[in-house]
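Trainee: The sequence shown maps to residues 20 to 454 in our numbering.
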Amino acid sequence: MVEPLNIALAGLGTVGTGVVRLIETNAELIARRARRPIRIAAVSARDRTKDRGVDLSRYDWEDDPAALAARADVDVVVEMVGGSDGPALALARNAIGQGKGLVTANKAMIAHHGLELASAAEKAGVALKFEAAVAGGIPVIKGLSEGAAANAIERVYGILNGTCNYILSTMEDTGRDFGDVLAEAQRMGYAEADPTFDVEGIDAGHKLSILAAIAFGSRLRFDAVETTGISRVKAADIEQARSLGYVIRLLGMGEIDRAGGSARLFQRVHPHLVPIDHPLAHVDGATNAVVAEGNFMGRLLFQGAGAGDGPTASAVVADIIDIARGEKGAAFSMPAHELEAMEPAETGHRRGRSYIRFTVPDRPGVLADITAAMRDAGVSIASMIQKGEGAQSGEVILAIVTHEGPESAVTEALRILDGSDSLAARPLVMQIIEG
Ligand SMILES: NC(=O)c1ccc[n+]([C@@H]2O[C@H](COP(=O)([O-])OP(=O)(O)OC[C@H]3O[C@@H](n4cnc5c(N)ncnc54)[C@H](OP(=O)(O)O)[C@@H]3O)[C@@H](O)[C@H]2O)c1
20 MVEPLNIALA GLGTVGTGVV RLIETNAELI ARRARRPIRI AAVSARDRTK
70 DRGVDLSRYD WEDDPAALAA RADVDVVVEM VGGSDGPALA LARNAIGQGK
120 GLVTANKAMI AHHGLELASA AEKAGVALKF EAAVAGGIPV IKGLSEGAAA
170 NAIERVYGIL NGTCNYILST MEDTGRDFGD VLAEAQRMGY AEADPTFDVE
220 GIDAGHKLSI LAAIAFGSRL RFDAVETTGI SRVKAADIEQ ARSLGYVIRL
270 LGMGEIDRAG GSARLFQRVH PHLVPIDHPL AHVDGATNAV VAEGNFMGRL
320 LFQGAGAGDG PTASAVVADI IDIARGEKGA AFSMPAHELE AMEPAETGHR
370 RGRSYIRFTV PDRPGVLADI TAAMRDAGVS IASMIQKGEG AQSGEVILAI
420 VTHEGPESAV TEALRILDGS DSLAARPLVM QIIEG
């Protein structure tokens, strides 16, 4: 008789109950693939009395998730509580310290404490796995750390937050403004009551920092992710972008920057203009997608559901199956001490084309002020669209697309214009990605 792998589940919300349902529904198939049964020994959440739509009566209940790590009948702790610190981190440290494997869906915790946990897991000789932490059901961590393991990866980027993608693609389909679509997404349960982490790009930044460490073999640096969310994107931007042949997507962009000799880490979450013939332009709704470019494999595209109970549980249970098979692996594809410490890249010398949206007073002379600032900063204008719609009365929206040039020149043009009475609001800059 093969011994089962005994697991304990902390957190029985969307992901935790999904994991219970999946392990119960596919028990036989999972046992054949894992070469041993997966047995839930104990579970924990805050409220024991809550109806979670799954029968938990056959599993031991622990009020304190930390107690799961101490149980002798548990091989692997599965953390699905959430939060970068607090009970999730205490449980993770505890579980590894007690020699248990750890599976987690918690991107915030991995982005902040992933290196510490990976080193501790290596020292303890246990597995640390977090496939569900990046892009939900998409096996992108496995894809990069196993399927693409032979490649030098120089660039990894994608749509990493389903809430933002849902909002942007709904704005695109309906012509409605950000606040209106966000409120609807909150009513429908697609966006949190406090949407800050999602719409300001922090959640995408967590995922990007994890992907970058795996793709580039660099030490994880969430603190060095430059983050701009989508809350300042207007319906007018989407319309201007469309008329120029682009859609707007919030992208997490990670690159190795070799300018100046040493490898530096470039990580940015920012709304971008994406050409309509680019694969990411067709990723709509709450879907996620990741592109990785390797020196032998070329471009790989991973696409699928980035959240939800089923897809996320699928990724969590895949990690559990790996552990049941005895595959520990290294959390970031190589041992933590092998990860290269890279300084953050300086962004000024990066070259590209930019979209700049100005909101300006509707009076003569304004255009001359803006183009003079562009000229003085060395920004070359490729096209310009002026529209009355989308602005308040007495104001117009002016969208400028630049020729390729250094980003620092655009920053300088905006510095020259800062405080000018030719601007009615702070401009918004978005980078344009090439096909
Ligand atoms: N939802 C998704 O689609 C998704 C996708 C990818 C990754 N993730 C990640 O998965 C994790 C869980 O997300 P979720 O959406 O399942 O969250 P959730 O629905 O809010 O569930 C959180 C669970 O943790 C329990 N909990 C919270 N604080 C606790 C504490 N102090 N002690 C013990 N238990 C506590 C809650 O207990 P009660 O139920 O008793 O309140 C609840 O069962 C997060 O790290 C999230 O980022 C989620």
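From the three backbone atoms N, C-alpha and C, an ideal C-beta is built for every residue, glycine too.
Taking Ala536 as the reference, give the member of Ile57, Gln286, His131, Pro106 with the closest Cα.
Mentor: This structure gives no information on residue 536, because the portion of the chain shown stretches from 20 to 454.
Trainee: Where are the beta strand (DSSP E) runs, 3 residues long or more, that stay fully inside the stretch 354-420, in chain order?
Mentor: 370-380, 400-406
Trainee: Can you check the stretch 81-159 for any alpha helix (DSSP H) of at least 4 residues that lies completely inside it and give the ranges in chain order?
Mentor: 85-89, 105-116, 126-143
Trainee: Buried or exposed: Asp74, going by 16 or more other Cβ atoms within 10 Å of its Cβ?
Mentor: By the 10 Å Cβ count, Asp74 comes out exposed.
Trainee: Please classify Glu165 as buried or exposed, where buried requires at least 16 other C-beta atoms within 10 Å of its C-beta.
Mentor: Classification of Glu165: exposed, given that the 10 Å Cβ count is below 16.
Trainee: Name the residue from Lys142, Gly72, Ala127 whose alpha carbon lies nearest to the alpha carbon of Lys347.
Mentor: Lys142
Trainee: On the CB-based measure, 16 or more other CB atoms within 10 Å of its CB, does His225 come out buried or exposed?
Mentor: buried
Trainee: By DSSP, does Ala255 sit in helix, in strand, or in coil?
Mentor: helix
Trainee: Is it buried or exposed for Leu320, if we count other Cβ within 10 angstroms and need 16 for buried?
Mentor: So Leu320 ends up on the exposed side.
Trainee: Using C-beta distances below 6 Å, list every residue in its chain close to Arg369, excluding the 5 sequence neighbours before and after it, in chain order.
Mentor: Glu426
Trainee: Hey, out of Ile295, Phe351, Ser402, Ile416, whose CA is closest to Glu423's CA?
Mentor: Ser402
Trainee: If you follow the beta strand (DSSP E) that Leu320 is part of, which residue opens it and which one closes it?
Mentor: 317-324
Trainee: Measuring alpha carbon to alpha carbon, tell me which of Arg434, Gly371, Ile375, Arg382 ends up nearest Asp395.
Mentor: Arg434
Trainee: Using three-state DSSP, classify Leu239 as helix, strand or coil.
Mentor: coil
Trainee: For Met190, name the three-state secondary structure that DSSP assigns.
Mentor: helix
Trainee: So for Leu270, helix, strand or coil by DSSP?
Mentor: strand
Trainee: Please list the terminal residues of the continuous beta strand (DSSP E) segment that includes Phe285.
Mentor: 283-294
Trainee: Does the contact criterion of 3 or more C-beta pairs under 8 Å hold for the stretch 147-163 versus the stretch 258-277?
Mentor: no
Trainee: Going by C-alpha distance, which of Ile452, Pro383, Ser63, Val420 is nearest Leu442?
Mentor: Pro383
Trainee: Do Ala60 and Asp92 count as a contact pair if the criterion is CB distance below 7 Å?
Mentor: yes
Trainee: May I ask whether a heavy atom of ligand 3 can be found less than 6 Å away from the beta carbon of Gly101?
Mentor: This structure simply doesn't include ligand 3; it includes ligand 1 instead.
Trainee: Taking the Cβ atom as the reference point for each residue, do Ala234 and Leu110 lie within a distance shorter than 7 Å?
Mentor: No, the Cβ-Cβ distance between Ala234 and Leu110 is not below 7 Å.
Trainee: Quick one: is the Cβ of Val34 within less than 6 Å of any heavy atom of ligand 1?
Mentor: yes
Trainee: Between Asp82, Ile57, Arg195, which has its C-alpha nearest Thr68's C-alpha?
Mentor: Asp82
Trainee: Excluding the five sequence neighbours on either side, which residues of its own chain have a C-beta within less than 8 Å of the C-beta of Leu358, listed in chain order?
Mentor: Leu134, Ala232, Gly236, Ser237, Arg238, Leu239, Phe351
Trainee: Tell me whether the stretch 186-196 and the stretch 323-342 touch, counting them as touching only if at least three CB pairs, one residue from each stretch, are closer than 8 Å.
Mentor: no
Trainee: By DSSP, does Gly248 sit in helix, in strand, or in coil?
Mentor: Per DSSP, reduced to three states, the secondary structure at Gly248 is coil, with no helix or strand assignment.
Trainee: Answer with buried or exposed for Pro214, where buried requires no fewer than 16 other C-beta atoms within 10 angstroms of its C-beta.
Mentor: buried
Trainee: According to DSSP, is Ala343 helix, strand or coil?
Mentor: helix
Trainee: Could you tell me whether any Cβ in chain B is nearer than 7 Å to the Cβ of Gly208?
Mentor: The structure shown contains no chain B, having only a single protein chain.
Trainee: Skipping 5 residues on each side, what residues in its chain have a beta carbon closer than 8 Å to that of Gln205?
Mentor: Glu211, Ala212, Pro214
Trainee: Just the Cα atoms here: how many angstroms apart are Leu179 and Val302?
Mentor: If you take the alpha carbons of Leu179 and Val302, they lie about 11 Å apart.
Trainee: Rounding to the nearest angstrom, what Cα-Cα distance links Ala324 and Ala154 in this structure?
Mentor: 7 Å
Trainee: For Met353, which of Glu203, Ser138, Ile49 has the nearest alpha-carbon?
Mentor: Ser138
Trainee: For Ile57, which residues from the same chain have a beta carbon less than 8 Å from its beta carbon, with the 5 sequence-adjacent residues on both sides left out?
Mentor: Pro23, Leu24, Ile26, Ile42, Ala46, Ile49, Ala50, Val336, Ile339, Ile340, Ala343
Trainee: Hey, Ala305 and Gly181 are a contact pair by Cβ (cut 8 Å); roughly how many whole angstroms apart?
Mentor: 4 Å
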